[in-house]
Amino acid sequence: MPTVPGTVIPDPVSQVAGQGEFVITPTTGIRATGDGLPVANYLGELLRPATGLPFPVGDTGDITLVIEAGHPAGGYDLVVTTTGIRLAADDAAALFAGAQTLRQLLPPAIEGRAQADAEWVVAATVIHDYPRFAYRGAMLDVARHFFDIATVKRYIDDIAMLKINVLHLHLTDDQGWRIAIDRWPKLTEIGAATQVGGTGGGFYSHDDYRDIVAYAASRYVTVVPEIDVPGHTNAALASYPELNCDGRSPAVYEGIEVGFSSLCIGAERTYEFFDDVITELAELTPGPWIHIGGDESLTTPEADFLTFVSRAAAIVASHGKTVIGWHELGRSTRLPAGTIGEYWSFTTAQADAAAHALSFIQQGGRLVMAPADVAYLDMKYDDSSTLGLTWADGATSVPDSYQWDPAAILPGIDDDQLLGIEAALWTETLATIADLESMAFPRIACVAEIAWSARPSVPRNFADFAPRLAALGLRLDAAGIGYYRAPEVAWHH
Ligand code: TNX
C-alpha cells in the first residue's frame, strides 16, 4: 500500500501534502558535506538493502542533507518535490531525526533487509518539525536478564526509528552486576554469573561497553548508565563481604523480589567503592548524565539513606557528571544543583512520590517522567499476556500508554520543568530480543510520540493515533520486529 503523508510516528509538528511524488531511481544519490556525511551514510545504509540501489553519497544527489542555522532546537525541515528531497537542520542529531521521518515516508518494504519489489516513491510534502522534549528516553534493564551487545544494538535501532535519543541502561541490580569495574573484579566474577531464573548471566567489558556507546552515538542516542544504589545491590553485596555491615556476603539472588538489599551506609569502604565505580564509569561515559538509582531502598533507615544519597550524588558531581535518580532521591534536600529526578509513580500521583519529585524542582533540577501505569513496557497488555507484570495499576493497554500527558501529572509543573520522558523496560520476565520487542512494540511508539510531538490542546485520543500505529505495523512486519497486535488497532492484515 502506498504511504501517504500523515502516517509518521511521532506526528510531525506540521505536514502539508504537495503535488506528485519523488521517484527513486538507480541514479538517486545522497548529497551531504561535513557533519551531514555520517547521516547521509546512515541513510544510504538504510535505503540500500530493500531497494538494491546504490545511493552514492557525495557532492551531488537528488536527496540533499543540509546543516544550516535557523531551525528550532532539535528540529528539521523536510521538503519533498517531484525533483528532489531536501532535509535541513542545525546539527547532525536533528538531521538524523529528519532522516527517520523520510524513512517513514517510503513504502514499508524499505524496512526489509533483503531486496524487495516496491515502487520506491515519496509523496511530495513539506514537513516542519521539532521535538517537545530534549530527553526522549528508553530504559533497558540488563541486570535482571543480561542482553548481549547485538541485542542492545538492535534495541538502539528500534528506538532510534522513533526519534528516541536516550538509552538508559539499568546496569546493576540484586540479580546481576553487568559492567566490569577493573578495581573491583569480583563484581563481575561473582556478581554477573547469574540472572533471574538462574541460567545465563554476563556482563560488559569496558570495550564491550564502549562498543555499545559508540553504536548508540552513531544513531545520535546518548547512553545513560545506571548504578542502582544503595538498595538493589545484592549482586555487589554477594561479591564483596566488606560492603555488608556484618562483613558477610549474602548468596547471589535469582528471584524477582525488590527492596531487600542495602549497601552498608556507615562504612567508609562503601564510598571508596562507589567512587571507584563512578571513576571508571565516568571515563566510559561521553554523555552528561549518570543515574544512581535510589529506588526502593526499603531496608535502609531514612537517616542513612539521606546520608548516602548526598555523598553518592556529590561523588558523581565531582566526576563532572549530572546526577539522575529515581524520584526517591528527592527525599534528600542536599542534591547537587541541576540533579534530575525520574518519576515512576502513577499518572495520578501518589502524595509522597509527588513531593519527592517536586523536591528536584525546588533544588533547581528538572524531571524525567516515566509513570509506571503508562510508560512501563514490562506491564502486561491484558489478561492474554504471558510475559510481564501487573503491579502498576494492573495491565497497561496500548491506548493507556498513549492517552496521558507528562505535564498533567504533578501540580505546578509545566514543560519547562521537564527534561523529558522515558519508557522503561524491566526484564524480570523478559529474556530474549523477541520478548523485549513484543512488550515494547507498539507501546513504545505511543511514548515516543508523547516525547516528540507538540503538546495537544485537547487530550490525546487513541482513535486518531490507531491508523498510524497500523501503518507502523507494516514497517515492523517488514523489519521482522514482533509486536503485540492490540485489539484496539485495525492492523492491515
Ligand atoms: C519497580 S520502578 C522497580 C524495578 C522493577 C520494576 C518492575 C523502579 C524504580 N523500580 O526494580 O524492576 O518495578 O516493573
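Residues in the sequence shown are numbered consecutively from 238, following my numbering. Each residue gets a CB set at the ideal place from its N, CA and C atoms; glycine is no exception.
At the level of alpha carbons, what is the spacing between residue i and residue j?
i, j, result
"Val241", "Val358", "With a pLDDT of 47 at Val241, under the threshold of 50, the modelled position of that residue is not reliable, and the figure given next carries that caveat. Their Cα atoms are separated by approximately 10 Å."
"Val611", "Gly321", "40 Å"
"Ala519", "Asp619", "40 Å"
"Ala588", "Pro648", "11 Å"
"Gly503", "Thr537", "11 Å"
"Ile687", "Asp653", "15 Å"
"Gly710", "Asp513", "45 Å"
"Leu732", "Ala346", "What the structure shows of the chain is the stretch from 238 to 730, and residue 732 is not part of that stretch, so it cannot be assessed."
"Pro636", "Gly530", "29 Å"
"Ala708", "Gln599", "43 Å"
"Thr301", "Leu324", "6 Å"
"Arg377", "Asp314", "It is worth fixing the name first, because residue 377 is Leu in this sequence and not Arg. Straight-line Cα distance between these residues: approximately 31 Å."
"Pro239", "Tyr392", "The predicted position of Pro239 is uncertain, since its pLDDT is 37 and thus under 50; a value taken from the coordinates is nonetheless stated next. Between Pro239 and Tyr392, the C-alpha separation is close to 27 Å."
"Thr459", "Leu332", "16 Å"
Keeping to the same chain, check which residues put their C-beta closer than 8 Å to that of residue i; ignore five residues upstream and five downstream.
i, result
"Asp328", "Asp272, Ile304"
"Pro696", "Gln640, Asp642"
Quick check on the burial criterion: 16 or more other C-beta atoms within 10 angstroms. Buried or exposed for residue i?
i, result
"Trp414", "buried"
"Val433", "buried"
"Val389", "buried"
"Ala254", "exposed"
For the ligand TNX, I want to know if residue i counts as a neighbour, meaning its beta carbon is within less than 6 Å of at least one of the ligand's heavy atoms.
i, result
"Val495", "yes"
"Asp610", "no"
"Asp785", "Absent from the model: residue 785. The displayed extent of the chain is 238 to 730, so no value can be given."
"Trp728", "no"
"Asp532", "yes"
"Leu626", "yes"
"Trp563", "yes"
"Trp581", "yes"
"Trp663", "yes"
By Cβ distance, which residues of its chain are closer than 6 Å to residue i, with the 5 residues on each side in sequence left out?
i, result
"Arg506", "Glu479"
"His564", "Gly578, Tyr580, Ala590, His593, Ala594"
"Gln352", "Gly289"
"Ala355", "Pro344, Ala346"
"Val260", "Val358"
If I follow the unbroken alpha helix (DSSP H) through residue i, where does it start and stop?
i, result
"Met676", "670-677"
"Pro286", "273-288"
"Ile386", "386-397"
"Val684", "680-689"
"Val635", "635-639"
"Thr516", "505-520"
"Arg571", "That residue, Arg571, is in no alpha helix (DSSP H); it is neither H nor E in DSSP."
"Asp221", "In the structure displayed, the chain extends from 238 to 730; residue 221 sits before or after that span and is not available."
Tell me which same chain residues have a C-beta within less than 7 Å of the C-beta of residue i, skipping the five on either side of it?
i, result
"Gly437", "Phe383"
"Leu408", "Val379, Ala380, Arg415, Ile416, Pro462, Glu463, Ile464"
"Gly657", "Phe370, Ala371, Tyr372, Arg373, Gly374, Val605, Ala688"
Quick check on the DSSP output: the beta strand (DSSP E) that includes residue i runs from which residue to which?
i, result
"Phe583", "Unbroken run through Phe583: none, as it is neither H nor E."
"Val546", "No beta strand (DSSP E) holds Val546; the alpha helix (DSSP H) holding it covers 539-555."
"Glu359", "One point to set straight first is that residue 359 is Val, not Glu, in the sequence displayed. Taken as a continuous stretch (DSSP letters only), the beta strand (DSSP E) holding Val359 covers 358-366."
"Phe292", "That residue, Phe292, is in no beta strand (DSSP E); it is neither H nor E in DSSP."
"Gln412", "That residue, Gln412, is in no beta strand (DSSP E); it is neither H nor E in DSSP."
"Thr301", "300-304"
Does the distance between the C-beta of residue i and the nearest non-hydrogen atom of the ligand MG fall short of 6 Å?
i, result
"Ala472", "Ligands displayed in this structure: the ligand TNX; the ligand MG is not among them."
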